[in-house]
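Down below is the structure, laid out as structure tokens.
Protein chains in written order, with the numbering used here: chain V, 1 to 199; chain X, 200 to 398.
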């Protein structure tokens, strides 16, 4: 495979991560914003449906193959919330700080043993907008929610996500290490395997 | 795990296959028709989206965990058709005979080497109707389309699907052997693994 694929995201960090992970397959990612594609409405009820909606929107508007991911943090003590709505947990106009504050508030009386959580990521690849057989790769990253923010790397819920294997928050991990072990890093490795198999 | 799961299908053969494959996990399947659940509209654009629509419909109407599969035959010379529309290839009221006749007609001038095809199956499991993290298992079964019907077992496109590993059509395979190697059999084995891992 040697081709350009639209990434249904405007995030420069994500673009770098996707390019770094899949460059050896001859794939070059281009962000959908470079084609003037607007974000799709994320109306799905599962991560995989949202990822498909985003990838299909990008493929439809560009006529190119498209890839999209959807991810979030799943907190056991909150019955899986914020989950699909992680980015909008504190409202459509909330930012990382507001989301983290809301999560801390929701868990304020919850002891450590019950603060288990995982980051989850689903990546889908559509060869074209009508592709009925998307390649789907998913992965989880287990941890627990801290009692206060810690660390300055990463974004989103990283300062609140304690990584037991490393004894620190995911915002305290060096970016390369985080990309290696994170939900998105793991999902990208699975996707790499599946793309190689698909030929 | 020890529980009853609604199967979003009215097919007795499918019920037997699901029960046989997952009984050792303590799962007992009940068909949605026993709860009076009507079939959902399959409005998805991919197999996985259709399977999710069907499982969610069953979970919503019963309040129970639900499983659904969506499957079809993907013919390379037809750009992947009939694919998602395999069951309705000859129209909403067409039967297996009409579908097979239409497929033979569509491929009448296509030589053997270009008659490659695969059966594909996607099975999803939703713990409840709002489950954002379905368990997804998928599998393909490679073969090619014969020039005429052969064999009396199975259903659907089985009499036209040549299985190179066995030198016969899938309708000539003994049912146990077909269940072992088929797209659905393989997907059920993957699902078994995933359910064991999920605990």
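Using N, Cα and C, we set each Cβ at its ideal position, and we do this for glycine too.
Q: Compute the distance between the beta-carbons of residue 96 of chain V and residue 26 of chain V, then report whether it is under 8 Å.
A: As a position in the first chain, residue 96 of chain V is number 96, starting the count at 1. As a position in the first chain, residue 26 of chain V is number 26, starting the count at 1. Against a cut-off of 8 Å, the Cβ pair of residue 26 of chain V and residue 96 of chain V comes out as no contact.
Q: Would you decide whether residue 382 of chain X is buried or exposed? Buried here means 16 or more other CB atoms lie within 10 Å of its CB.
A: The residue you call residue 382 of chain X lines up with position 183 of the second chain. Residue 382 of chain X comes out buried.
Q. Which residues mark the beginning and the end of the beta strand (DSSP E) in which residue 69 of chain V is found?
A. As a first step, residue 69 of chain V is located in the first chain; it is residue number 69 there, counting from the start. Run containing residue 69 of chain V: 66-75, per the beta strand (DSSP E) assignment.
Q) Which class does residue 337 of chain X belong to by DSSP, given the choice of helix, strand or coil? A) Taking the first residue of the second chain as 1, we reach residue 337 of chain X at position 138. DSSP places residue 337 of chain X in strand when its eight states are reduced to three.
Q) If you run the structure through DSSP and keep just helix, strand and coil, what is residue 314 of chain X? A) For the purposes of this step, residue 314 of chain X is taken as residue 115 along the second chain, with counting starting at 1. Correct three-state label for residue 314 of chain X: coil.
(Q) Going by beta-carbon coordinates alone, are residue 133 of chain V and residue 284 of chain X separated by less than 8 Å? (A) For the purposes of this step, residue 133 of chain V is identified with residue 133 of the first chain, where counting begins at 1. For the purposes of this step, residue 284 of chain X is identified with residue 85 of the second chain, where counting begins at 1. No.
Q. Do the CB positions of residue 350 of chain X and residue 370 of chain X come within less than 8 Å of each other?
A. Stepping through the second chain from its first residue, residue 350 of chain X is reached at position 151. Stepping through the second chain from its first residue, residue 370 of chain X is reached at position 171. In this structure, residue 370 of chain X lies closer than 8 Å to residue 350 of chain X by Cβ.
Q. If you drop the 5 nearest sequence neighbours on each side, which residues of the same chain put their C-beta closer than 7 Å to that of residue 348 of chain X?
A. Looking up residue 348 of chain X in the second chain gives position 149. 299, 358 and 359.
Q. Whose C-beta lies closer than 7 Å to the C-beta of residue 98 of chain V among residues of the same chain, with five residues either side of it excluded?
A. Sequence index remark: in the first chain, residue 98 of chain V carries index 98 (1-based). For residue 98 of chain V, where only same-chain residues beyond five positions count, the Cβ hits under 7 Å are 90.
Q) Within the chosen definition, does the region 13-23 of chain V reach the region 186-194 of chain V through at least 3 CB pairs nearer than 8 Å? A) yes
Q) How would you label residue 16 of chain V, buried or exposed, when you count the other beta carbons within 10 angstroms and need 16 or more for buried? A) Residue mapping note: residue 16 of chain V aligns to position 16 of the first chain, counting from 1. Flag for residue 16 of chain V reads exposed.
Q: Starting from residue 205 of chain X, trace the beta strand (DSSP E) both ways and give me its first and last residue.
A: On the second chain, position 6 is the one that residue 205 of chain X refers to. 202-206 is the extent of the beta strand (DSSP E) around residue 205 of chain X.
Q. In chain C, what lies closer than 8 Å to residue 49 of chain V by C-beta?
A. The question asks about chain C, but that chain is absent: this structure's protein chains are V and X.
Q. Just checking, does the region 106-115 of chain V make contact with the region 28-36 of chain V on the three C-beta pairs under 8 Å criterion?
A. no
Q | Opposing strand residues paired with residue 174 of chain V [DSSP bridges] | A | If you number the first chain from 1, residue 174 of chain V lands on position 174. Answer by DSSP bridge pairing: none, since residue 174 of chain V is not bridged.
Q.
Please list the terminal residues of the continuous beta strand (DSSP E) segment that includes residue 16 of chain V.
A. Position 16 of the first chain, counted from the start, is the residue given in the question as residue 16 of chain V. From DSSP, residue 16 of chain V is part of no beta strand (DSSP E) but of the alpha helix (DSSP H) over 12-22.
**Q.** Three-way DSSP call (helix, strand, coil) for residue 325 of chain X in this model
**A.** Numbered from 1 along the second chain, position 126 holds the residue referred to as residue 325 of chain X. DSSP places residue 325 of chain X in strand when its eight states are reduced to three.
**Q.** Which residues DSSP lists as bridging residue 360 of chain X, in chain order
**A.** Sequence index remark: in the second chain, residue 360 of chain X carries index 161 (1-based). For residue 360 of chain X, which the question treats as bridged, DSSP gives the partners X:344.
Q: May I ask you to report which of helix, strand or coil DSSP gives residue 37 of chain V?
A: The residue labelled residue 37 of chain V in the question sits at position 37 within the first chain. Reduced to three states, the DSSP call for residue 37 of chain V is coil.
**Q.** Exposure of residue 167 of chain V, with buried meaning 16 or more beta-carbon neighbours within 10 Å
**A.** To locate residue 167 of chain V, count along the first chain from 1; it is residue 167. By the neighbour-count rule (16 or more Cβ atoms within 10 Å), residue 167 of chain V is not buried but exposed.
Q) Of the residues V:176, V:154, V:181 and V:174, which one's Cα is nearest the Cα of residue 165 of chain V? A) Within the first chain, numbered from 1, the residue matching residue 165 of chain V stands at position 165. Of V:176, V:154, V:181 and V:174, the residue nearest in Cα terms is V:181.
Q. In or out: residue 337 of chain X buried (at least 16 other Cβ within 10 Å) or exposed?
A. Looking up residue 337 of chain X in the second chain gives position 138. By the neighbour-count rule (16 or more Cβ atoms within 10 Å), residue 337 of chain X is buried.
Q: Evaluate contact between the region 266-283 of chain X and the region 240-249 of chain X, counting only Cβ atoms and requiring at least three cross-stretch pairs below 8 Å.
A: yes
Q) Which of the residues in the region 333-355 of chain X, read from start to end, lie with their CB under 8 Å from any CB of chain V? A) 333, 335 and 337
**Q.** Below-8 Å beta-carbon distance, residue 324 of chain X vs any chain V residue
**A.** In the second chain, residue 324 of chain X corresponds to position 125, counting from 1. False, the Cβ-Cβ gap to chain V never drops below 8 Å.
Q.
Taking only three categories from DSSP, how would you classify residue 28 of chain V?
A. By 1-based counting over the first chain, the position of residue 28 of chain V is 28. Reduced to three states, the DSSP call for residue 28 of chain V is strand.
Q. Can you tell me where the alpha helix (DSSP H) with residue 183 of chain V in it begins and where it stops?
A. Counting from one through the first chain, the residue named residue 183 of chain V turns up at place 183. 183-198 is the extent of the alpha helix (DSSP H) around residue 183 of chain V.
**Q.** Given residue 233 of chain V as reference, the closest of V:145, V:135 and V:141 once Cα atoms are compared
**A.** Here chain V has residues from 1 to 199 only, and residue 233 of chain V is not among them.
Q. Are there 16 or more other CB atoms within 10 angstroms of the CB of residue 261 of chain X, so buried, or fewer, so exposed?
A. As a first step, residue 261 of chain X must be located in the second chain, where it is residue number 62. The residue is buried, with at least 16 neighbouring Cβ atoms inside 10 Å.
(Q) Closest to residue 92 of chain V by C-alpha separation, out of V:41, V:124 and V:75, would be which residue? (A) Counting from 1 along the first chain, the entry for residue 92 of chain V is found at position 92. The shortest C-alpha separation from residue 92 of chain V is found at V:41.
Q | Three-way DSSP call (helix, strand, coil) for residue 285 of chain X in this model | A | Mapped onto the second chain, residue 285 of chain X falls at position 86. It is helical.
Q. At least one CB of chain V closer than 8 Å to the CB of residue 364 of chain X: is that the case?
A. Here residue 364 of chain X refers to the residue found at position 165 when the second chain is read from its first residue. So, not an interface residue.
Q: Tell me, please, which residues DSSP counts as bridged to residue 368 of chain X.
A: As a working mapping, residue 368 of chain X is identified with position 169 in the second chain. Residue 368 of chain X is bridged to X:361.
Q | Any chain V beta carbon closer than 8 Å to residue 212 of chain X | A | As a first step, residue 212 of chain X is located in the second chain; it is residue number 13 there, counting from the start. It does not: the Cβ of residue 212 of chain X has no partner Cβ on chain V nearer than 8 Å.
Q.
Is there a Cβ of chain X sitting closer than 8 Å to that of residue 120 of chain V, yes or no?
A. For the purposes of this step, residue 120 of chain V is taken as the residue at position 120 of the first chain. Answer yes: the Cβ-Cβ gap between residue 120 of chain V and chain X drops below 8 Å somewhere.
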